[in-house]
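Per our numbering: the sequence shown = residues 913 to 1094. First up is the structure itself, then whatever we jot down about it.
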Amino acid sequence: MIKDNKMWMGVSIHSGDREFGVPDTYPLEASGWRIDENGNKYIRVKGVRWFTNIDHGRRHEPLRLMTMAENFKHSKHKEIRGQKDYIHYENYNAIDIPFTDAIPSDYNGAMGVPITFLDKYCPEQFEIIGHPHGDYGLELGLKPYPRELKELNKGLRDGDLYYMKDGKPELPYRRILIRKKQ
């Protein structure tokens, strides 16, 4: 539904945790809780996200992006700054973008971006290709890995993106494949 722009991130919950009021009978065993001056009980729940189909202006704000050269020169991330190129995946024609603010403005091909990209996704600026993981990745056309690589990384699984680093296959943290809209 996200890929088809039928559902997106809501505007108000981006931190990932929220406080909820609970009944008086609720046991306060959560790691984060409080009782207010009126005796009302609250717990903090981590990993909360709001998905909606209610349109809002923030989802149409394009990301401000730098060019590849600007990212390599000025990025606040040491993993990007000073590089000559982005890492290319071995099993899919795309580059790895480890931080949403490192998406290059001058690259038109497929890119694997962190799932946190969804907080900043603008459907007029980018197209979501899909979620390259397991069977979904195979459906997107990710090539199976050569079986001899399994000895070098036990976590390899067909349908997952990987790249080679120092002669060993590396799996990036979960990615979403996107491309810039023309």
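Backbone N, C-alpha and C fix where the C-beta goes; we use that ideal spot for every residue, glycine too.
Compute the Euclidean distance between the alpha carbons of residue i and residue j, then round it to the nearest angstrom.
| i | j | result |
| --- | --- | --- |
| R976 | A1014 | 10 Å |
| K953 | G933 | 6 Å |
| G944 | V957 | 8 Å |
| G1024 | I947 | 43 Å |
| E949 | G922 | 31 Å |
| G1049 | G1071 | 4 Å |
| T964 | D1047 | 26 Å |
| Y1075 | Y1019 | 19 Å |
| S1017 | K918 | 26 Å |
Kindly indicate which residue of the options has the alpha-carbon position closest to the one of residue i.
| i | options | result |
| --- | --- | --- |
| M913 | I1041, Y1004, L1050 | I1041 |
| T1028 | H1043, G1021, N1020 | H1043 |
| S1073 | N1005, P1016, R1091, E1039 | Looking at the sequence provided, one finds Leu at residue 1073 rather than Ser. Checked all of N1005, P1016, R1091, E1039; the closest Cα to L1073 is N1005. |
| H972 | W920, H989, L1061 | W920 |
| N983 | V960, I1009, W962 | I1009 |
| L1061 | G1079, G1049, G1046 | G1079 |
| K1077 | S1017, Y938, Y998, G1021 | Y998 |
| G959 | L1083, D929, L1068 | D929 |
| E1082 | Y1001, K990, Y1019, A1022 | Y1001 |
| I955 | E931, I966, F963 | E931 |
Mapping the DSSP letters down to three states, classify residue i as helix, strand or coil.
| i | result |
| --- | --- |
| G1049 | helix |
| R946 | strand |
| D929 | strand |
| T964 | strand |
| H989 | coil |
Based on the DSSP output, what are the partners of residue i in its beta bridges?
| i | result |
| --- | --- |
| K1077 | K1080 |
| L1030 | Paired residue(s): none; L1030 is not in a bridge. |
| R1087 | P1026 |
| M978 | P1016 |
| V934 | K953 |
| H1043 | Answer by DSSP bridge pairing: none, since H1043 is not bridged. |
> Are the stretch 1084-1091 and the stretch 1022-1036 touching, with three or more C-beta to C-beta distances below 8 Å?
Replying inline: yes
> When the Cβ atoms of the stretch 975-993 are set against those of the stretch 1050-1066, are three or more pairs found closer than 8 Å?
Replying inline: no
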